[in-house]
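For the sequence shown, full-length UniProt numbering gives the first residue as 1, with consecutive numbering after it.
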Amino acid sequence: MIIMKKENKKIKGIIMKKTFFKKLFTASIAAITALSVFRGVPTFADDTSATTMATGEANAVVKIRKTLNIAQGITTPNATFTFKFTEKSGTSSNGAPYEKGVNIPDISVTYSKTDNQVNDKIEKTTENIFGNTTYKHAGEYVYDVREDKSGWTAIEKDSKKIDAMRYDERTYEMHVIVKNKANGGVYISSVYFKENKQSNTAKVQPSETGVYNLFDNTYTKDASRDPKPDDPSKVDPTANALTITKKVDGASGDKTKDFHFHIRIQLPSTNKTAAEPIKNIVVQHGNASHELAVVAASESVDYDFTLKHGETFTVTQLPAGSKYTVTETGVPGYTASSVYLTNGTSTNGAAGQLGQDYKVENILLGEKTNNNTVTNKINDVTPTGLLIDNLPFILMIGLGLAGFVVLSKKRREA
1 MIIMKKENKK IKGIIMKKTF FKKLFTASIA AITALSVFRG VPTFADDTSA TTMATGEANA
61 VVKIRKTLNI AQGITTPNAT FTFKFTEKSG TSSNGAPYEK GVNIPDISVT YSKTDNQVND
121 KIEKTTENIF GNTTYKHAGE YVYDVREDKS GWTAIEKDSK KIDAMRYDER TYEMHVIVKN
181 KANGGVYISS VYFKENKQSN TAKVQPSETG VYNLFDNTYT KDASRDPKPD DPSKVDPTAN
241 ALTITKKVDG ASGDKTKDFH FHIRIQLPST NKTAAEPIKN IVVQHGNASH ELAVVAASES
301 VDYDFTLKHG ETFTVTQLPA GSKYTVTETG VPGYTASSVY LTNGTSTNGA AGQLGQDYKV
361 ENILLGEKTN NNTVTNKIND VTPTGLLIDN LPFILMIGLG LAGFVVLSKK RREA
């Protein structure tokens with residue numbers, strides 16, 4: 001009997017302990033639930049690792065930075081780039097469905113001819129994308145973000161375009177986590193972006209607090225085909241990108257002689273991200289036309305050619321922003337010089353040296369007219385066969401001989 005009483009007490013003790021822990025566990029869950037309801041704050045696994053966080057209970061501020069890639073020597077086009085936000089369905093990390101019913105208005109940045117490129121790009125930043133958006137209750141809101149392919153018109157004449165715009169095809173998933181304030185109302189607690197890809201990608205990191213470089217476009221334009229950007233009637237879609245003309249000066253110059261040249265053409269950095277990158281260029285000199293492949297690693301072309309007096313070397317099409325260096329092999333007796341138009345501005349090349357190689361380097365090919373006239377001059381031959389350059393020395397020798405004759409005559413007479 002005593003043993004049985006002891007066993008009963010033991011069992012009752014175990015049951016009481018289990019009941020106590022069960023009640024404690026239930027009370028804890030109830031407390032957490034009550035606290036959650038009181039605060040109205042859902043738990044999101046991504047919240048703490050978001051890339052933009054609110055300061056206190058003030059809304060997080062987020063802006064989109066737009067990059068327009070544009071080479072030197074091009075007038076910035078009039079363009080408005082618009083970003084659109086579309087609500088998305090899905091499930092949050094806490095198991096709750098994404099909240100819906102709050103639209104974010106389109107937001108845009110505008111470019112014009114007064115904007116100037118620095119290092120082949122122009123950057124602009126939107127206003128706060130939540131500036132005209134109001135959330136009524138807490139939760140996670142998710143949007144697809146993309147750039148609209150609008151807001152720009154190509155320059156066209158005779159059904160031929162002389163410029164192009166490459167729009168950014170990337171889209172992003174933007175997560176907006178809204179929480180309740182302690183004393184009523186809600187605020188944007190955190191925001192982050194992920195690029196929409198097949199594989200799971202890392203969050204996009206802002207370039208500075210709340211500013212995300214999400215989209216970049218590339219604007220390209222043909223060299224030499226827009227001589228007056230403010231006058232569309234002057235557009236010439238058939239103009240050559242570059243024309244080099246050979247001229248021989250001087251009565252004794254050989255106008256049947258071949259002068260040897262080497263040209264190196266460097267494409268702008270924007271060619272790689274252009275809507276249609278240039279991979280081959282066409283050159284013509286004399287009656288020959290040649291298609292040259294662009295070296296992908298260096299984005300350049302090297303070529304040797306010869307020109308006689310009055311002949312031209314032309315490059316049919318190049319993106320504005322390209323640069324060229326042309327070198328003429330020195331010829332005994334000839335001195336080279338040049339006058340060239342670079343993006344519509346006339347410039348005198350450096351003075352050459354007699355019989356030496358002549359180089360004009362890193363010349364910009366802009367949207368306006370580009371050409372180069374290289375002149376070789378040779379001094380005229382005098383009828384006596386004596387060079388005029390030696391005349392002072394001949395006169396000195398003549399005077400010396402005359403003086404010697406006079407002095408000798410006076411000595412004989414003495």
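Heads up, the beta-carbon is just placed ideally off N, CA and C, and yes, glycines get one too.
Going by the DSSP bridge assignment, what does residue i pair with across the sheet?
i: K308; result: Paired residues: none, contrary to the question.
i: E140; result: I177
i: M53; result: S190
i: R166; result: T218
i: L354; result: According to DSSP, L354 bridges with nothing at all.
i: K160; result: K157
i: E87; result: Y143
i: I122; result: L68
i: Q284; result: S289, T314
i: residue 442; result: Limits of the chain in this structure are 1 at one end and 414 at the other, which puts residue 442 out of reach.
i: D302; result: R264
i: K203; result: K194
i: V211; result: K63, E208
i: Y172; result: V145, E195
i: V248; result: N376
i: T110; result: T80
i: P319; result: D222
Which two residues bound the contiguous beta strand (DSSP E) that contains residue i?
i: R65; result: 63 to 70
i: N128; result: Run containing N128: none; DSSP gives neither H nor E here.
i: L365; result: 358 to 365
i: E195; result: 186 to 195
i: V102; result: Counting along the chain, V102 falls outside any beta strand (DSSP E), and DSSP gives it neither H nor E.
i: E291; result: 288 to 293
i: Y324; result: 322 to 328
i: R264; result: 259 to 266
i: K272; result: K272 -> no beta strand (DSSP E), and no H or E assigned at all.
i: T238; result: No beta strand (DSSP E) holds T238; DSSP gives it neither H nor E.
i: K377; result: 371 to 378
i: A297; result: Taken as a continuous stretch (DSSP letters only), A297 belongs to no beta strand (DSSP E), as it is neither H nor E.
i: S252; result: First-last for S252: undefined, no H or E at that position.
i: T345; result: 345 to 348
Given a threshold of 16 other Cβ atoms within 10 Å of its Cβ, counted over all protein chains shown, does residue i qualify as buried or as exposed?
i: M396; result: exposed
i: S190; result: buried
i: L35; result: Its pLDDT being 40, under 50, L35 is placed unreliably by the model, and the measurement read from it follows with that caveat. Exposed: under 16 other Cβ atoms inside 10 Å.
i: L365; result: buried
i: A154; result: exposed
i: P77; result: buried
i: T256; result: exposed
i: S322; result: buried
i: K272; result: exposed
i: T33; result: At T33, the pLDDT of 40 sits below 50, so the modelled position is not reliable and the matter cannot be decided from this model.
i: V37; result: At V37, the pLDDT of 38 sits below 50, so the modelled position is not reliable; the number obtained from the coordinates is stated separately. It counts as exposed.
i: E147; result: buried
i: K113; result: exposed
i: G352; result: buried
i: G400; result: exposed
i: G95; result: exposed
i: F20; result: Confidence is the limiting factor: at F20 the pLDDT is only 49, short of 50, which leaves the residue's position unreliable and the question unanswerable from this model.
Measuring CB to CB, does residue i end up less than 7 Å from residue j?
i: T140; j: S92; result: Going by the sequence as given, residue 140 is Glu instead of Thr. Yes.
i: G185; j: F81; result: no
i: L292; j: N370; result: no
i: T67; j: A60; result: no
i: D357; j: T329; result: yes
i: T316; j: N372; result: no
i: E195; j: Y172; result: yes
i: L354; j: T342; result: no
i: T133; j: K63; result: no
i: H175; j: V211; result: no
i: V204; j: F215; result: no
i: P237; j: I162; result: yes
i: residue 471; j: V178; result: Because the chain spans 1 through 414 in this model, residue 471 falls outside it and cannot be assessed.
Does the pairing of the segment 281 to 298 with the segment 223 to 231 give three or more beta-carbon distances under 8 Å? no
Within the chosen definition, does the segment 291 to 305 reach the segment 207 to 223 through at least 3 CB pairs nearer than 8 Å? no
Touching by the beta-carbon criterion (3+ pairs, under 8 Å), the segment 251 to 265 and the segment 100 to 109: no
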